[in-house]
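Trainee:
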Amino acid sequence: MNAWFTGREQAGAPAEAANAGKSDKIKIAVLPFSNLDGKRESDYFSDGLSEEMITQLTRLQPEQLAVIAWSTALNYNSTPNSLQQMRENLGVDYVLEGRVRRSGTRVRITARLSEVQDQTQLWAETYERDLKDLLTVQAEIAKAIAAEIHLVLKLSENERLSQIQTGQAQVKPEAYDAYLKGRYQLHKMTPDGISASVGDFEEAVELDAGYAPAWAGLASAYALMTIAPFDLVSPLQIMPGAEKAAKRALELDNTLPEAHTALALVDHHYRWKWAEAETHYKRAIELNPDYAAAHLWYSWMLLALGRREEAMRQIDETMRIVQETDPNRLVAVHATRAQAFYLGRQFEQAVQECAKGLQLDSKHFMLLYVMGRSYMRLGEKDKAIAQLEKASSPGQIPLVDAALGLAYAVTGRLEEAKKIGNSFKHLLETRYIPPTYFGMLYAGLGDRERAMAWLEKALRERADGLTWLNVDPMMDDMRKDERFMELVKKIGL
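4 is the number of the first residue of the sequence shown in this note's numbering; add one for each residue after it.
1) When you compare only the Cα positions, how much space is there between V201 and L221?
2) Can you tell me which of the three DSSP states E489 falls into?
3) Can you tell me whether Q13 is helix, strand or coil according to DSSP?
4) When we look at the beta-carbon of K184 and count the other beta-carbons within 10 Å, is it buried (16 or more) or exposed?
5) Quick check: the Cα distance between S223 and K384, rounded to an integer number of angstroms?
6) My understanding is that S53 touches R102, with C-beta atoms under 8 Å, so please give their C-beta distance in whole angstroms.
7) Going residue by residue through the segment 57-108, where are the continuous beta strand (DSSP E) segments of at least 3 residues, counting only ones entirely within it?
8) Checking the sheet assignment: what are the DSSP bridge partners for K30?
9) Would the segment 445-454 count as touching the segment 407-422 if we require 3 or more Cβ pairs under 8 Å?
10) As a quick exercise: from L306, L290, K250, pick the residue whose alpha carbon is nearest that of W277.
11) Nearest-angstrom Cα distance between R482 and D364?
12) May I have the straight-line CA-CA distance separating G244 from E205, to the nearest angstrom?
13) Going by DSSP in three states, V110 sits in which element: helix, strand or coil?
14) If you run the structure through DSSP and keep just helix, strand and coil, what is A212?
15) Are N331 and S74 touching if we call contact CB-CB under 8 Å?
16) Evaluate N257 with the Cβ neighbour count: other Cβ atoms within 10 Å of its Cβ, from every protein chain shown; 16 or more gives buried, anything less gives exposed.
17) Can you give me the C-alpha to C-alpha distance between I31 and I71, rounded to a whole angstrom?
18) Given T433, which residues of its chain have a CB within under 7 Å of its CB, disregarding the five upstream and five downstream residues?
19) Keeping to the same chain, check which residues put their C-beta closer than 7 Å to that of Y179; ignore five residues upstream and five downstream.
20) Look at the alpha carbon of D270 and the alpha carbon of I318, and state the distance between them as a whole number of angstroms.
21) With respect to the beta strand (DSSP E) encompassing T339, which residues constitute its N-terminal and C-terminal limits?
22) Suppose you measure from the CA of P176 to the CA of T108; what does that come to, to the nearest Å?
23) Tell me, please, whether the segment 337-354 touches the segment 370-385 by the rule of three or more beta-carbon pairs shorter than 8 Å.
24) When DSSP labels each residue in this structure, what does Q349 get in the three-state scheme?
25) Ordered along the chain, which non-local residues of its own chain (more than five positions away) have a Cβ less than 7 Å from that of M488?
26) Would you mind reading off the limits of the alpha helix (DSSP H) that contains W126?
27) Which two residues bound the contiguous alpha helix (DSSP H) that contains I288?
28) Does the distance from the CB of Y435 to the CB of L268 come in under 8 Å?
29) Helix or strand or just coil, what does DSSP make of L430?
30) Classify D50 as buried or exposed, calling it buried when 16 or more other Cβ atoms lie within 10 Å of its own Cβ.
31) Under the assumption that L227 contacts I197 (Cβ atoms under 8 Å), give the Cβ distance between them as a whole number of angstroms.
32) Among V140, Q188, D293, Y187, which has the Cα closest to the Cα of T169?
33) Within 10 Å of its beta-carbon, does S395 have 16 or more other beta-carbons around it, so buried, or fewer, so exposed?
34) I'd like the span of the alpha helix (DSSP H) that includes F233, first residue to last.
35) I need the DSSP call for N38, collapsed to helix, strand or coil.
36) For K493, which residues of its own chain have a beta-carbon under 7 Å away from its beta-carbon, when the five flanking residues on both sides are left out?
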């Protein structure tokens, strides 16, 4: 229930928030590569290459190098004023700029590395290659940058880049093109974007079954389709495919943090294999200590397991990472911390944490959702409804609609509650809604029989949201029911 973290947040996080996470690491930003084709429909290609360079640089030496995330780098350009702002706001030492021109299967890439403090150019190179050699170009740029900033590469990373440079790691041009389209669509983090990315990633692995990142992308897209706020399809329909894709990616390259995280999501949300999920989350973090999404997803699993202190440490670490490399994501960390307070029955602290996040993004659905539920537990029902109404977009996020329907019902606004219930019935004819949400709704209304019927259906479907049953305050009354506790045990909680 934390896929929202990977979406593009509002730009403009305050500079003091970014500066709060200063470290001794060298910092580099990869500015969005310029698309010299001049065709908007080919932006996916230049954007994709920019992100791929960020991925390559992130792997070089995470203990020494911090790479500014793509979503934050988007807010800057190569003008002197913008570079100065980047240094002041983010503490960036170096900037990599690029230009891309594509003609058929040929690509011309110009890359330039500059030092931000005095804005001097340290290195520049132009590459004109075939599409199939783009991985080689990325490896050459990465090694050149490492040399310029005096970065000592790990032996394993040096060997990996050398293998790519000698042609031992290539990808079919058509597959790489489809892969970049998939990444472009996935990072929109919208239902349509995720659905479109699946088709692109499927095409990529069909064209080149040996390209591990495409399998990892496919696994991530499949998994996200079953997790709130998207809930596009039943987990039974798609999670086995996510598991297969993640395992295939790891067979090809077991050093991909994204593949370990995707498999962890399957074990966490679908298989309920807690030890295995923890192993893969930890391995992803070991491979890339600054992989904020892995830290955050891991924290949500720890919260579900009742290991709150460990979860808070992961949340704090995520806060440090985003302050250093991606302050546009601060709002998501506030939402996670607020959820931790809510689950710990610290409802006032949850409201305060939501308020901090809403200063950065007044429309963030998860903040409004947690604030609304916290107000409900504090007995401030009017405030709760006000927040949930702000978060609700009928038919778009069933999780929020279910909470709003419950709030209406317990405050006597039965017609409005009934309207949401009827809308759910119509939605079920056209899309998937996790039965868990109905179970939680009836549990909140004190109707144990209906709640159990829906929760048992959710169990059969391995639906999203079940992992919270043992910690969610809304289910406190249900824990008096032996049938409910038996159901909880089946989830391994």
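Glycine included, C-beta positions come from ideal geometry on N, C-alpha and C.
Mentor: With the structure as the only source:
1) Numbered from its first residue, the sequence shown carries residue 201 at position 198. Numbered from its first residue, the sequence shown carries residue 221 at position 218. The alpha-carbon atoms of V201 and L221 are separated by roughly 6 Å.
2) Looking up residue 489 in the sequence shown gives position 486. The answer is helix: DSSP assigns E489 an H, G or I state.
3) Here residue 13 corresponds to residue number 10 of the sequence shown, with the count starting at 1. Residue placement at Q13 cannot be trusted, given a pLDDT of 46 that sits under 50; what the coordinates show is reported in the next sentence. Note: Q13 maps to coil in three-state DSSP.
4) As a position in the sequence shown, residue 184 is number 181, starting the count at 1. When all chains shown are included, K184 counts as buried.
5) Stepping through the sequence shown from its first residue, residue 223 is reached at position 220. Stepping through the sequence shown from its first residue, residue 384 is reached at position 381. Between S223 and K384, the C-alpha separation is close to 37 Å.
6) Here residue 53 is taken as the residue at index 50 of the sequence shown, counted from 1. Here residue 102 is taken as the residue at index 99 of the sequence shown, counted from 1. Actually they are not in contact, since the Cβ atoms of S53 and R102 sit about 11 Å apart, beyond 8 Å.
7) 68-70, 97-106
8) In the sequence shown, the residue the question calls residue 30 occupies position 27. DSSP lists A69 as partners of K30.
9) yes
10) The residue given as residue 277 occupies position 274 in the sequence shown. When each option's Cα is compared against that of W277, the closest is L306.
11) Taking the first residue of the sequence shown as 1, we reach residue 482 at position 479. Taking the first residue of the sequence shown as 1, we reach residue 364 at position 361. About 36 Å.
12) Counting from one through the sequence shown, the residue named residue 244 turns up at place 241. Counting from one through the sequence shown, the residue named residue 205 turns up at place 202. Rounded to whole angstroms, G244 to E205 spans 11 Å at the Cα level.
13) Here residue 110 is taken as the residue at index 107 of the sequence shown, counted from 1. Reduced to three states, the DSSP call for V110 is strand.
14) For the purposes of this step, residue 212 is taken as residue 209 along the sequence shown, with counting starting at 1. A212 falls in the coil class under three-state DSSP.
15) On the sequence shown, position 328 is the one that residue 331 refers to. On the sequence shown, position 71 is the one that residue 74 refers to. In contact: N331 and S74 (Cβ atoms closer than 8 Å).
16) Numbered from 1 along the sequence shown, position 254 holds the residue referred to as residue 257. Exposed: under 16 other Cβ atoms inside 10 Å.
17) Counted from its first residue, the sequence shown places residue 31 at position 28. Counted from its first residue, the sequence shown places residue 71 at position 68. Each residue's alpha carbon lies about 6 Å from the other.
18) The sequence position of residue 433 within the sequence shown is 430, counting from 1. There are no such residues.
19) By 1-based counting over the sequence shown, the position of residue 179 is 176. Contacts found: L134, L137.
20) Walking along the sequence shown from the start, residue 270 turns up at place 267. Walking along the sequence shown from the start, residue 318 turns up at place 315. So the two alpha carbons sit approximately 20 Å from each other.
21) Counted from its first residue, the sequence shown places residue 339 at position 336. Unbroken run through T339 is the alpha helix (DSSP H), 333-346; no beta strand (DSSP E).
22) Along the sequence shown, read from residue 1 onward, the residue named residue 176 stands at position 173. Along the sequence shown, read from residue 1 onward, the residue named residue 108 stands at position 105. Cα-Cα distance, rounded: 7 Å.
23) yes
24) In the sequence shown, the residue the question calls residue 349 occupies position 346. If DSSP states are grouped into helix, strand and coil, Q349 belongs with coil.
25) The count along the sequence shown starts at 1 and reaches residue 488 at position 485. Excluding sequence neighbours, M488 sits near R482.
26) To locate residue 126, count along the sequence shown from 1; it is residue 123. Not the alpha helix (DSSP H): W126 falls in the beta strand (DSSP E), residues 123-133.
27) Along the sequence shown, one-based indexing puts residue 288 at 285. That run of the alpha helix (DSSP H) goes 277-290.
28) Counting from 1 along the sequence shown, the entry for residue 435 is found at position 432. Counting from 1 along the sequence shown, the entry for residue 268 is found at position 265. For Y435 and L268, no; Cβs fall outside 8 Å.
29) For the purposes of this step, residue 430 is taken as residue 427 along the sequence shown, with counting starting at 1. L430 falls in the helix class under three-state DSSP.
30) Here residue 50 refers to the residue found at position 47 when the sequence shown is read from its first residue. Per the 10 Å Cβ criterion, buried.
31) The sequence position of residue 227 within the sequence shown is 224, counting from 1. The sequence position of residue 197 within the sequence shown is 194, counting from 1. Rounded, the Cβ-Cβ distance is 6 Å, consistent with contact.
32) In the sequence shown, the residue the question calls residue 169 occupies position 166. Nearest C-alpha to T169: V140.
33) For the purposes of this step, residue 395 is taken as the residue at position 392 of the sequence shown. That one is buried.
34) As a working note, residue 233 is residue 230 in the sequence shown. No alpha helix (DSSP H) holds F233; DSSP gives it neither H nor E.
35) As a working note, residue 38 is residue 35 in the sequence shown. It is a strand residue.
36) Walking along the sequence shown from the start, residue 493 turns up at place 490. Counting only Cβ-Cβ distances below 7 Å, and skipping sequence neighbours, we find L462.
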